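Chains as they are written, first to last, in this note's numbering: chain U, 1 to 441; chain Z, 442 to 593.
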């Protein structure tokens, strides 16, 4: 038993999150090393003390997370609050909390895990100051239409399907829909269907009863139950197995489900916001996605444009990411030079905004002692475009100054403009423009 | 509702909410000393001094040391602040007898002698209540036994 306890301590001391446990009297029984580091309190000072007397937070008196769970039975996820550290500094933290119970299901204590979010809060302030709409940046027409739509549907409880390539900001749109909806004060539960193994997805979504499978040592509440009266965000819904799609369909149609290994039917009232980067029509054709679920989910469809179709937003996004990463990495970067900006605007961005964000982070890290990012600071794959760009420019100069050669090439290749453009290393449209300027149709 | 939730209410001095949960737990298990101790305090804060008196008598008959050995600081005992509120007339009672009994009960968590002082006064003011007489008898016996122990 002692071995088990010390092993648990080793594990809890190795994680970056602060962990504190209390007994049923709310006296601290354990504090891990990360919690000591975050709060500044030493283990010897706090063990056996009432948590409210240690952290002296208004939050302990009015909104104790463990008391919340004891009152409504729902565990606390990602609750932002403040605690007082040993140096009296007030620290913003994000906490998760759960109640510990004995074999008779009687509460015997609680566990709180937390992390310091002071840096995150500062970044969030930058986002708020810079963003146009709930953390989203962009003045492109298509984006403005999405902002408008989100506001228009704020009174609705209808399910939403967000479609868009990876990295286009689907989750931000889901956040905005939730934050402007009637359910904004209720739970908002997020789940990425692609990261949970198919055999565990059912238990994750609908919960399970004790003994439902080998590792089900106690009853467990599912995400749909947790989101009751609130909203659930099902990211990468197309990755969900067909059998699970049937169960989701039942929740949508009847608002009912069963926990795994339990026959009692439970009710839930949940608004679903689903997202996918796949073409669902293709997935339906190939039998991987249920057509009826598609129609049920896409009451309010939102299509997020890829970054290459909203290039006018790229400078805004670059500016924002430079500020964000300059702050995080404590650099004094004020902007980006023209050649680097040109490269970024002309890049196709297959990974969309996430790829742009990563590229700017890379560039900020790479730009030592400079006030502006230049093309040398950009990731290699984008820098390579410099070479291609230069050869394109060279070829453009060739066709500008040597019309006779172009005519000769066209004659040689029986006026196959595609072939000639390829030989010259320019776009077909560039060649067409040149020919037009020469009066050749 | 669980004892743990009641403990949280008690800690944040939400005595009304704590009281109803402690009462329901005590209905099932009247021997729980820790709950009796807290419920007695809750009853005083809600003005139910008669209930508090019965609970208090039951406690000291059962285990007076459990009350006397209260560590005010480590148990976050609210008695000193309640005594101060009563003495400063911030907390009012129906009559002087109830106030005296309340102070007598609360003082036992801090000082046996002071508690006896108040219960003697209470007995003078209400000689018909046998519970007060019995309490006085237990407290005085305890004082004598403490003195004998310290001499030995």
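From the three backbone atoms N, C-alpha and C, an ideal C-beta is built for every residue, glycine too. As the structure is a computational prediction, the values presented were derived from the model and not from experiment.
Asked: Determine, using beta carbons only, whether residue 508 of chain Z comes closer than 9 Å to chain U.; Found: no
Asked: Which of the three DSSP states is assigned to residue 517 of chain Z in this structure?; Found: coil
Asked: Put residue 116 of chain U into one of helix, strand or coil per three-state DSSP.; Found: strand
Asked: Hey, does residue 24 of chain U have any beta-carbon neighbour from chain Z nearer than 9 Å?; Found: yes
Asked: By Cβ distance, which residues of its chain are closer than 8 Å to residue 353 of chain U, with the 5 residues on each side in sequence left out?; Found: 167, 168, 169, 307 and 317
Asked: In chain Z, what lies closer than 9 Å to residue 106 of chain U by C-beta?; Found: 443, 444 and 445
Asked: Flag residue 40 of chain U as yes when its Cβ comes closer than 8 Å to any non-hydrogen atom of the ligand MN, and as no otherwise.; Found: With respect to small molecules bound, the structure shown includes none, and the ligand MN cannot be examined in it.
Asked: Could you give the C-beta distance for residue 67 of chain U and residue 446 of chain Z, rounded to a whole number, given that I count them as a contact under 8 Å?; Found: 6 Å
Asked: Mind pulling the chain U residues with CB within less than 9 Å of residue 453 of chain Z?; Found: 52, 60, 61, 62, 64 and 67
Asked: Considering only DSSP beta bridges, list what residue 30 of chain U is partnered with.; Found: U:21
Asked: Counting only the same chain and skipping the five closest in sequence on each side, list residues whose C-beta sits under 7 Å from that of residue 375 of chain U.; Found: 339, 340, 343, 383 and 386
Asked: Does DSSP put residue 258 of chain U in a helix, a strand or coil?; Found: strand
Asked: For residue 230 of chain U and residue 188 of chain U, which I take to be in contact (beta-carbon distance under 8 Å), what is that distance rounded to the nearest angstrom?; Found: 6 Å
Asked: To the nearest whole angstrom, what separates the beta carbons of residue 87 of chain U and residue 56 of chain U, a pair I think is in contact under 8 Å?; Found: Their Cβ separation, rounded to whole angstroms, is 12 Å, which puts residue 87 of chain U and residue 56 of chain U out of contact at 8 Å.
Asked: Please report the distance separating the alpha-carbon of residue 492 of chain Z from that of residue 574 of chain Z.; Found: 16 Å
Asked: From residue 325 of chain U to residue 125 of chain U, what does the alpha carbon distance come to, in whole angstroms?; Found: 13 Å
Asked: Classify residue 287 of chain U: buried if its beta carbon has 16 or more other beta carbons within 10 angstroms, exposed otherwise.; Found: exposed
Asked: For residue 71 of chain U, which residues in chain Z fall below 7 Å Cβ to Cβ?; Found: 446
Asked: Apart from the five residues on each side of it in sequence, which residues of its chain come closer than 6 Å, Cβ to Cβ, to residue 507 of chain Z?; Found: 474
Asked: Keeping to the same chain, check which residues put their C-beta closer than 6 Å to that of residue 446 of chain U; ignore five residues upstream and five downstream.; Found: The shown model of chain U, from 1 to 441, leaves out residue 446 of chain U, and the question about it has no answer.
Asked: Residue ranges of each beta strand (DSSP E) run of no fewer than 3 residues wholly in the stretch 497–570 of chain Z, ordered along the chain?; Found: none
Asked: Assuming residue 52 of chain U contacts residue 452 of chain Z (C-beta within less than 8 Å), just tell me the rounded distance between them.; Found: 6 Å
Asked: What three-state label does DSSP hand residue 487 of chain Z in the structure shown?; Found: coil
Asked: Can you tell me whether residue 305 of chain U is helix, strand or coil according to DSSP?; Found: coil
Asked: Using C-beta distances below 8 Å, list every residue in its chain close to residue 521 of chain Z, excluding the 5 sequence neighbours before and after it, in chain order.; Found: 513 and 551
Asked: Going by DSSP, what residue range makes up the alpha helix (DSSP H) through residue 90 of chain U?; Found: Element bounds for residue 90 of chain U: not the alpha helix (DSSP H) but the beta strand (DSSP E), 90–101.
Asked: Give me, in chain order, the residues of the same chain whose beta-carbon lies closer than 6 Å to that of residue 481 of chain Z; leave out the 5 immediate sequence neighbours on both sides.; Found: 493, 496 and 497
Asked: Assuming residue 485 of chain Z contacts residue 543 of chain Z under a Cβ cut-off of 8 Å, what Cβ separation, rounded to an integer in Å, is found between them?; Found: 5 Å
Asked: Please identify, using Cβ separations under 8 Å, the residues of the stretch 509–529 of chain Z that lie next to chain U, in order along the chain.; Found: 515 and 517
Asked: Would you report the Cα separation of residue 212 of chain U and residue 362 of chain U, rounded to the nearest angstrom?; Found: 47 Å
Asked: Going along the chain, which residues of its own chain have a beta-carbon closer than 8 Å to the beta-carbon of residue 433 of chain U, five neighbours each way excluded?; Found: none
Asked: Is it true that the stretch 268–278 of chain U meets the stretch 149–169 of chain U, where meeting means three or more beta-carbon pairs spaced less than 8 Å apart?; Found: yes
Asked: Less than 6 Å between C-beta atoms, sequence neighbours within five positions excluded: which residues of the same chain meet that for residue 26 of chain U?; Found: 50 and 51
Asked: Could you tell me which of Z:502, Z:567, Z:487 and Z:444 sits nearest to residue 466 of chain Z, measuring between CA atoms?; Found: Z:444
Asked: Quick one: which unbroken alpha helix (DSSP H) runs of 4-plus residues sit fully inside the stretch 204–248 of chain U? Chain order, please.; Found: 223–226
Asked: Might you give, ordered along the chain, the residues of its own chain that have their beta carbon closer than 6 Å to the beta carbon of residue 233 of chain U, omitting 5 neighbours on each side?; Found: 174, 190 and 273
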